[in-house]
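See below for the structure under consideration.
In the numbering used here, the protein residues as written are 1 to 120.
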């Protein structure tokens, strides 16, 4: 997963995939400030799931509040938010002959009859 806006510094550290869910009814700001040379801040709406990559030692700060006043409501070690990255799915490519045979086989199958009753 790429960090498009501000990539992690490439200093050889491992990266972890993390997930945070805003389970409140308020808008939150998620921020990581303890990783040198990196800026991470995202708005997380109620019920929204935030997936991000970071270094294991990162600390996610959650700021909650109203307009122009937010308080630090939680600090979560990103190691606790770590999720397993899904394995990439590969698709086998079919040849033109295989695609044509599949299309013809679908045409040969009988079409079921559909009965429609008139509206009363």
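C-beta atoms are modelled at their ideal positions from N, C-alpha and C, and glycine is treated no differently.
Can you tell me whether DSSP reads residue 101 as helix, strand or coil?
helix
Quick check: the Cα distance between residue 78 and residue 17, rounded to an integer number of angstroms?
9 Å
By the three-class DSSP mapping on this structure, what secondary structure does residue 81 have?
The answer is helix: DSSP assigns residue 81 an H, G or I state.
Tell me, which residues are paired with residue 65 by DSSP?
70
Distance, Cα to Cα, residue 46 vs residue 21?
8 Å
Whether residue 27 touches residue 59 by CB criterion (8 Å):
no
Taking only three categories from DSSP, how would you classify residue 54?
strand
Rounded to whole angstroms, how far is the Cβ of residue 30 from the Cβ of residue 50, which I believe are closer than 8 Å?
6 Å
Pull up the distance between the alpha-carbon of residue 75 and that of residue 62, whole angstroms please.
6 Å
What's the gap between the Cα of residue 36 and the Cα of residue 15?
Going by the C-alpha atoms only, they are around 14 Å apart.
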